[in-house]
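Residue numbers (this note's numbering), protein chains in the order written: chain C, 1 to 194; chain H, 1001 to 1194; chain P, 2001 to 2194; chain D, 3001 to 3194.
Protein chains: 4
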Amino acid sequence: MALQKTTPTKDKREAIIETMLDLVVERGFHDAPMSLLAKRAGASAGVIYHYFASKDEVIHAVYLHVKSLKLQSMLENQLPNSSFKQAYLQMYVNAYNFYRTHLRETRFLDLYENSTFCDANPPTPAADLQPDIAEFMKSFRPKSEGGVLKNLPLPAIYEFAFGTARQLAKKDLVLDSSELKNVALASWAAISDD
Amino acid sequence: MALQKTTPTKDKREAIIETMLDLVVERGFHDAPMSLLAKRAGASAGVIYHYFASKDEVIHAVYLHVKSLKLQSMLENQLPNSSFKQAYLQMYVNAYNFYRTHLRETRFLDLYENSTFCDANPPTPAADLQPDIAEFMKSFRPKSEGGVLKNLPLPAIYEFAFGTARQLAKKDLVLDSSELKNVALASWAAISDD
Amino acid sequence: MALQKTTPTKDKREAIIETMLDLVVERGFHDAPMSLLAKRAGASAGVIYHYFASKDEVIHAVYLHVKSLKLQSMLENQLPNSSFKQAYLQMYVNAYNFYRTHLRETRFLDLYENSTFCDANPPTPAADLQPDIAEFMKSFRPKSEGGVLKNLPLPAIYEFAFGTARQLAKKDLVLDSSELKNVALASWAAISDD
Amino acid sequence: MALQKTTPTKDKREAIIETMLDLVVERGFHDAPMSLLAKRAGASAGVIYHYFASKDEVIHAVYLHVKSLKLQSMLENQLPNSSFKQAYLQMYVNAYNFYRTHLRETRFLDLYENSTFCDANPPTPAADLQPDIAEFMKSFRPKSEGGVLKNLPLPAIYEFAFGTARQLAKKDLVLDSSELKNVALASWAAISDD
DNA sequence: AATGAATGAGCCTTCATTCAT
DNA sequence: CATGAATGAAGGCTCATTCAT
Chain C
1 MALQKTTPTK DKREAIIETM LDLVVERGFH DAPMSLLAKR AGASAGVIYH YFASKDEVIH
61 AVYLHVKSLK LQSMLENQLP NSSFKQAYLQ MYVNAYNFYR THLRETRFLD LYENSTFCDA
121 NPPTPAADLQ PDIAEFMKSF RPKSEGGVLK NLPLPAIYEF AFGTARQLAK KDLVLDSSEL
181 KNVALASWAA ISDD
Chain H
1001 MALQKTTPTK DKREAIIETM LDLVVERGFH DAPMSLLAKR AGASAGVIYH YFASKDEVIH
1061 AVYLHVKSLK LQSMLENQLP NSSFKQAYLQ MYVNAYNFYR THLRETRFLD LYENSTFCDA
1121 NPPTPAADLQ PDIAEFMKSF RPKSEGGVLK NLPLPAIYEF AFGTARQLAK KDLVLDSSEL
1181 KNVALASWAA ISDD
Chain P
2001 MALQKTTPTK DKREAIIETM LDLVVERGFH DAPMSLLAKR AGASAGVIYH YFASKDEVIH
2061 AVYLHVKSLK LQSMLENQLP NSSFKQAYLQ MYVNAYNFYR THLRETRFLD LYENSTFCDA
2121 NPPTPAADLQ PDIAEFMKSF RPKSEGGVLK NLPLPAIYEF AFGTARQLAK KDLVLDSSEL
2181 KNVALASWAA ISDD
Chain D
3001 MALQKTTPTK DKREAIIETM LDLVVERGFH DAPMSLLAKR AGASAGVIYH YFASKDEVIH
3061 AVYLHVKSLK LQSMLENQLP NSSFKQAYLQ MYVNAYNFYR THLRETRFLD LYENSTFCDA
3121 NPPTPAADLQ PDIAEFMKSF RPKSEGGVLK NLPLPAIYEF AFGTARQLAK KDLVLDSSEL
3181 KNVALASWAA ISDD
């Protein structure tokens, strides 16, 4: 009996986050009223403020939730002894697939990062990363900084890499795995001499 | 006499557009009230509705204005008999420079394109372009479609091309012309086999 | 025609102030909702914010209004060449009468001065006074400070003087002019040796 | 055993009362939410309603608490065979000292008595007093009513007496014992011919 | 007794838009 | 063309109170 309930409190908190995600994606931040959030999440207008201090906090919580989901996806399917290039290509594919299969979340990220919400806390790329890929990140730099990539500014490298994966995933077309592999290789061609 | 006429009316219309651009960039769409727009544009709340049917229309007009500015910039400094690669690299540089020197406008584009405003009229790449570069565009395609580029999906090509120019221009770092050239070449490496 | 209208705008502003005075006195600051203020003042909820920045500002305006009324009353019926004592007694009577006939305003003052509203701007007695009575005020001090009154702390003098007039005016009983004169004399006995 | 019992329950009740006193003084009646009261009193939002029927009841209880404290103070330091004047002056000093050393409580009284809370039950002066001073009160009246004081309306007498003590105690200045004695004498001059 | 999540009415304020002048 | 007072629906948020546990 006791087992069955995953903490009713956590459930409500998550329902609110999940509902806000939907709402924001469907209608934008400013057309996502707390009243509607409440109704759709099956809560009263008041309780939300039991879990979150303000609308902004709810939105921030959605962001944290999405970011964590994303990070998790990025690290999937890595073979233990793969080369750096292999690891990179796999990660590119992961990124694309995550964005592709989480259009709601991706759309939210776009909205959030283009809003005035996160002007204070810019998502440091490094902060996004877990120890697991610390080693990967060491190589993921221009040669001039001890990495293995072309001597391009780091932001440029990021852009040719995961930036393009994200932009592409949002397009209407769906890449099959062969096309995706080509795109990943094109991205590799942009950032690496090998 | 007739010449002189254009001014007062056009000026006010333009003042409104320009002011809305500022406002939106500074504060976001939903913190850009018509009342403030009026005050800053030196107009009354009422007159704005003589020039535009609604707030949305003002914003749409800003978008058109910015898009036209951008297109103009893209075509600069093209030498008459340059190779396709040369033309491409120049255009990449143009794009970067436009975004770089029009951060306000670029920010507006980001906001606009990420808003629920233009969900109906997605900016078709082709629609952006003027006859001048019709010929350029013929080559700017995968070989499989009669162009000269890698066999990648067109949106992917766009993304590796101008998409990256735009993303990079928004970063804090400013590329000097040598770095920029390298980046343009990296982009070329992504999309072309040559 | 034009003569008849005392500026419709001023009228509405004043209607709002007057209505807020009523409301606050009847129900207290926190049971005087803007919605009710609007309804009773014959305005929409929105316009009030055309005239005042916030509820607090409305209340502040009421205070200024009341303070000005009060000052005016204090200076009435002063004979040109009366002695200081005569002037004082008249002023005491004026104060009593003002408070007595402006119970609404007096009640408002009590509420306002006991609220957290004016914690910042404590009504300096001196600031309340106009040049007219500058000379009177010179004498209205303890001898030790160049005045003609007992050597009591100034606030004590104020309290025995106008403080008591105000407190008394709020009581249920109404003093007739002979009783009032006695009270004024009692107050004089408290502050003066003559 | 029975003795020990009083503690836990009474303590919580008192903690609530004491905390509400603080809260109201710090923030006013309407910025003293039950939720905050609960937190600061170390109770849950719910239990408060086991001890009090409503927020208003809590506030009423605070008032009763403060009034009882005050009465106790008023009667201190009375010498057995002192004259009426001596007794009066001592009481004046007591009053001043109570208010002076209980600014929190005094502030609460001001707020309470100026609120819409107690419009029904105005604190009858007589009701404030205990048998101990019944005799004192017999003399504390105008001659015309069998007392020993000036023929002034009773409320006027009260006002010149303890009213001024209270007002003065709230001022920033602190009277030393000699100044305080002078003030008490000034008050005596206002109400007595002797 | 005690907890604290839940309710929901109501508050202050904003703002796109209209319209008499 | 221009003004700016006026509207009124909505929005975010608070808080006294209740009630299942």
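Even glycine gets a Cβ: it sits at the ideal position worked out from N, Cα and C. The structure displayed is predicted, hence computed values, not measured ones.
Given residue i as reference, the closest of the options once Cα atoms are compared
i, options, result
"Ala95 of chain C", "C:Gly28, C:Ala156, C:Leu37 and C:Gly163", "C:Gly163"
"Ala3015 of chain D", "D:Lys3085, D:Asp3056 and D:Ala3061", "D:Ala3061"
"Leu1023 of chain H", "H:Gly1146, H:Leu1111 and H:Val1148", "H:Leu1111"
"Thr2101 of chain P", "P:Arg2013, P:Leu2175 and P:Lys2010", "P:Leu2175"
"Ser177 of chain C", "C:Val58, C:Lys39, C:Leu149 and C:Asn97", "C:Asn97"
"Ala1184 of chain H", "C:Lys181, C:Lys150, C:Lys138 and C:Leu185", "C:Lys150"
"Phe2117 of chain P", "P:Leu2071, P:Lys2143 and P:Glu2057", "P:Glu2057"
"Tyr2158 of chain P", "D:Ser3187, D:Gln3086, D:Ser3083 and D:Lys3010", "D:Ser3187"
"Val2025 of chain P", "D:Asn3114, D:Leu3154 and D:Glu3145", "D:Asn3114"
"Lys1010 of chain H", "H:Phe1052, H:Ala1032 and H:Pro1033", "H:Phe1052"
"Ala2045 of chain P", "P:Glu2145, P:Met2034 and P:Gly2146", "P:Met2034"
"Ile191 of chain C", "C:Ala165, C:Pro142 and C:Gly146", "C:Pro142"
"Arg2166 of chain P", "P:Gly2147, P:Val2148 and P:Lys2070", "P:Lys2070"
"Ile2059 of chain P", "P:Leu2109, P:Ser2083, P:Phe2140 and P:Gly2146", "P:Leu2109"
"Ser82 of chain C", "C:Leu154, C:Ile133, C:Ala189 and C:Asn182", "C:Ile133"
"Lys1055 of chain H", "H:Gly1147, H:Thr1019, H:Asp1172 and H:Glu1145", "H:Thr1019"
"Leu2173 of chain P", "D:Lys3181, D:Asn3182 and D:Leu3154", "D:Leu3154"
Contact check, residue i vs residue j, beta carbons under 9 Å
i, j, result
"Ala156 of chain C", "Leu1021 of chain H", "no"
"Ala2161 of chain P", "Tyr2092 of chain P", "yes"
"Leu3152 of chain D", "Glu2179 of chain P", "yes"
"Phe136 of chain C", "Tyr88 of chain C", "yes"
"His3050 of chain D", "Ile3017 of chain D", "no"
"Lys170 of chain C", "Arg107 of chain C", "yes"
"Gln3090 of chain D", "Gln3072 of chain D", "no"
"Ile2048 of chain P", "Leu2036 of chain P", "no"
"Lys85 of chain C", "Asp193 of chain C", "no"
"Lys1012 of chain H", "Ala1041 of chain H", "yes"
Residue i - containing alpha helix (DSSP H), residue span
i, result
"Ile157 of chain C", "Leu154 to Tyr158"
"Gln3078 of chain D", "Here Gln3078 of chain D belongs to no alpha helix (DSSP H), and DSSP marks it neither H nor E."
"Val1093 of chain H", "Phe1084 to Thr1101"
"Lys3170 of chain D", "Thr3164 to Lys3170"
"Ile1191 of chain H", "Ser1177 to Ile1191"
"Leu2173 of chain P", "Note, Leu2173 of chain P: premise wrong, no alpha helix (DSSP H); not H, not E."
"Ser2990 of chain D", "For residue 2990 of chain D there is no data in the structure shown, the boundaries of chain D being 3001 and 3194."
"Ile2048 of chain P", "Ile2048 to Tyr2051"
Which residues DSSP lists as bridging residue i, in chain order
i, result
"Pro142 of chain C", "C:Leu149"
Near the ligand NAP: residue i beta-carbon under 8 Å from a heavy atom
i, result
"Val25 of chain C", "Questions concerning the ligand NAP fall outside what the structure shown contains, since it holds no ligand whatsoever."
Q.
What are the residues in the segment 30-60 of chain C lying within 9 Å of chain H by C-beta distance?
A. Taking a C-beta cut-off of 9 Å against chain H, the contacting residues of the segment 30-60 of chain C are His30 and Asp31, listed in chain order.
Q: May I ask you to list, following chain order, the residues of the segment 89-104 of chain C that have a beta carbon less than 7 Å from some beta carbon of chain H?
A: none
Q: Could you run through the segment 3158-3169 of chain D and flag, in chain order, every residue whose CB is less than 8 Å away from some CB of chain P?
A: Glu3159, Phe3160, Gly3163, Thr3164, Gln3167 and Leu3168
Q: Can you give me, in chain order, the residues of the segment 1138-1153 of chain H that have a beta carbon less than 8 Å from any beta carbon in chain C?
A: Lys1150, Asn1151, Leu1152 and Pro1153
Q) Name the residues in the segment 2173-2192 of chain P whose C-beta lies less than 8 Å from a C-beta of chain D; which are they? A) Going along the segment 2173-2192 of chain P in chain order, one finds Leu2173, Leu2175, Glu2179, Asn2182, Val2183, Ala2186, Ser2187, Ala2189, Ala2190 and Ile2191 with a Cβ nearer than 8 Å to chain D.
Q.
Tell me which residues of the segment 69-91 of chain C have at least one Cβ-Cβ distance to chain H shorter than 9 Å, keeping chain order.
A. none
Q: Check each residue of the segment 1013-1026 of chain H: if its Cβ is closer than 8 Å to any Cβ of chain C, include it; give the result in chain order.
A: none
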